[in-house]
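First residue of the sequence shown: 220, per this note's numbering; consecutive thereafter.
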Amino acid sequence: MKALLLAGGFGTRMRPLTERLPKPMAPVGNRPWLEHLIAGLKEQGIEEFVIAVKHFPEKIIEHFGDGAKWGVKIRYTNEPVPLGTAGAIKNAEPLLDGRFVAVNADIVHRADIRSLVREHERTGALVTIGLVEVADPSQFGVVEQAEDGRIVRFVEKPPRDEAPSNRINAGIYIMEPEVLEAIPAGREVSIERETFPSLIAAGRRVQGADIGGYWMDMGTSERYRRIHWDLLDGKLELPLAEQERGGGIRIGEDTEIAQGAMLVPPVLVGSRVKIGERAVVGPYAVIGDDCVIGRGARVTHSILWDRCTAAEAAQLNRCIVGSGLKIGARHLLHEAVVSVITEAETI
Ligand code: GTP
220 MKALLLAGGF GTRMRPLTER LPKPMAPVGN RPWLEHLIAG LKEQGIEEFV
270 IAVKHFPEKI IEHFGDGAKW GVKIRYTNEP VPLGTAGAIK NAEPLLDGRF
320 VAVNADIVHR ADIRSLVREH ERTGALVTIG LVEVADPSQF GVVEQAEDGR
370 IVRFVEKPPR DEAPSNRINA GIYIMEPEVL EAIPAGREVS IERETFPSLI
420 AAGRRVQGAD IGGYWMDMGT SERYRRIHWD LLDGKLELPL AEQERGGGIR
470 IGEDTEIAQG AMLVPPVLVG SRVKIGERAV VGPYAVIGDD CVIGRGARVT
520 HSILWDRCTA AEAAQLNRCI VGSGLKIGAR HLLHEAVVSV ITEAETI
């Protein structure tokens with residue numbers, strides 16, 4: 220079975236981090252999420268991928284190439300204009316054959332694809348939609364199911380007290396190829412708003428099944444942060460390059476920590492990082508590879524992508540800092556999300 224990864228969205232809610240980067244390439248635990256996603260699906264037996272790109276496509280294509288480095292085969296589709304979630308699936312039709320799994324590439328999850336396929340086969344559905352239960356479904360596509368699990372209705376972003384259930388579309392679909400016949404070509408089509416409701420109206424079987432395991436939509440900076448705190452707290456388990464040093468501290472290779480610097484767990488520090496004297500890193504800090512944390516600097520509840528500098532005595536709290544950004548000496552940043560257009564800029 221091939222996997223089709225939808226990775227072409229503009230990621231407007233996560234700007235400025237996604238201004239020049241496809242959202243699925245945002246690092247999770249110091250590695251692009253898309254790498255984790257492909258590795259996780261490969262573990263479940265999927266070895267052929269189609270990635271539907273659009274926004275800064277070269278950032279994905281140059282990174283993954285033909286997939287050989289990851290032990291998989293990857294091909295790409297691009298769209299002349301953004302075609303939406305279903306339009307992108309239709310556009311990939313020439314590269315698909317047989318049953319496939321389509322995945323929103325910005326969803327951080329540990330879904331059990333094999334059990335979704337089993338449920339799909341058991342029910343003979345045309346589409347099986349992975350579902351997840353959330354406390355507040357008002358920001359998501361909520362489903363109403365019949366007793367046998369078939370989906371009878373979708374409600375997009377309902378007010379909290381009007382939601383028919385707490386179960387939402389997790390953005391992971393097992394699809395029979397006939398679904399492609401139901402998607403019009405050459406225009407924008409939303410899978411949630413158009414394709415699924417029209418299949419249900421036509422009496423086709425659209426099944427809902429729990430994905431099991433962790434799930435979080437990367438959609439906003441706030442949720443992106445939460446994914447990292449879940450990773451540090453062990454609620455999200457991902458293979459990380461950094462070694463566990465005990466007590467919630469993970470450190471990569473060739474990282475130098477000066478005498479008197481303090482790592483406050485939980486904390487994840489990448490490789491080749493330099494942490495100066497009396498600097499404090501953590502709790503809840505994720506420091507990317509090749510970062511420099513200056514003397515007396517303080518980084519708490521923050522995520523720094525690779526090659527960032529927090530110069531002497533800078534203080535960052537609840538920040539997300541894009542690759543290569545330099546925060547000047549004694550600068551104070553609180554709840555900031557910052558990125559640069561050209562690297563080596565200083566704020
Ligand atoms: P926002 O602009 O913040 O809503 O983010 P987004 O553009 O990523 O949209 P959304 O979160 O609804 O997208 C869900 C998934 O589908 C993401 O993985 C997107 O990359 C992908 N996606 C959304 N629209 C398109 C599209 O037109 N083409 C392709 N190829 N992928 C898309």
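Ideal Cβ positions, reconstructed from N, Cα and C, are used throughout, including at glycine.
{"Asked": "Helix, strand or coil at residue 380 according to DSSP, with G and I counted as helix", "Found": "helix"}
{"Asked": "Start and end residues, alpha helix (DSSP H) containing residue 278", "Found": "276-283"}
{"Asked": "Beta strand (DSSP E) runs wholly inside the stretch 519-552, at least 3 long, in chain order", "Found": "521-523 and 534-536"}
{"Asked": "First through last residue of the beta strand (DSSP E) which encompasses residue 449", "Found": "It is not in any beta strand (DSSP E) - residue 449 instead sits in the alpha helix (DSSP H) that spans 440-452."}
{"Asked": "Any non-hydrogen atom of the ligand GTP closer than 7 Å to residue 220 Cβ", "Found": "no"}
{"Asked": "N- and C-terminal bounds of the alpha helix (DSSP H) containing residue 303", "Found": "303-310"}
{"Asked": "Top-ranked residue by Cα proximity to residue 337, from 225, 560, 250 and 428", "Found": "428"}
{"Asked": "heavy atom of the ligand GTP below 7 Å from residue 273 C-beta", "Found": "yes"}
{"Asked": "Cβ shell of residue 261 (< 8 Å), same chain only, five flanking positions each side left out", "Found": "289, 290 and 291"}
{"Asked": "Residue 389 - DSSP class collapsed to helix/strand/coil", "Found": "strand"}
{"Asked": "Pairwise C-alpha distance: residue 558 and residue 524", "Found": "10 Å"}
{"Asked": "Residue 315 beta carbon near the ligand GTP (any heavy atom closer than 7 Å)", "Found": "no"}
{"Asked": "Stretch-stretch touch, CB-based, cutoff 8 Å, three pairs: the stretch 405-412 with the stretch 300-311", "Found": "yes"}
{"Asked": "Closer than 7 Å: residue 375 CB and nearest the ligand GTP heavy atom", "Found": "no"}
{"Asked": "CB of residue 416 within 8 Å of CB of residue 452, strictly", "Found": "no"}
{"Asked": "Under 8 Å between C-beta atoms of residue 391 and residue 349", "Found": "yes"}
{"Asked": "Near the ligand GTP: residue 323 beta-carbon under 7 Å from a heavy atom", "Found": "yes"}
{"Asked": "Separation of residue 500 from residue 450, as counted between CA atoms", "Found": "17 Å"}
{"Asked": "Near the ligand GTP: residue 242 beta-carbon under 7 Å from a heavy atom", "Found": "yes"}
{"Asked": "Sub-8 Å separation of residue 504 and residue 516 beta-carbons", "Found": "no"}
{"Asked": "6 Å CB neighbourhood of residue 549 in its chain, flanking five on each side removed", "Found": "532"}
{"Asked": "Heavy atom of the ligand GTP within 7 Å of residue 225 beta-carbon", "Found": "yes"}
{"Asked": "Where residue 400 sits in the DSSP three-state scheme", "Found": "helix"}
{"Asked": "Cα-Cα separation, residue 366 to residue 435", "Found": "26 Å"}
{"Asked": "Cα-Cα separation, residue 296 to residue 370", "Found": "30 Å"}
{"Asked": "Identity of the residues DSSP links to residue 349 by a beta bridge", "Found": "428"}
{"Asked": "For residue 497, the three-state DSSP class (helix, strand or coil)", "Found": "coil"}
{"Asked": "Among 222, 232 and 220, nearest to residue 443 - alpha-carbon criterion", "Found": "232"}
{"Asked": "Residue 481 versus residue 468 - alpha carbon distance", "Found": "11 Å"}
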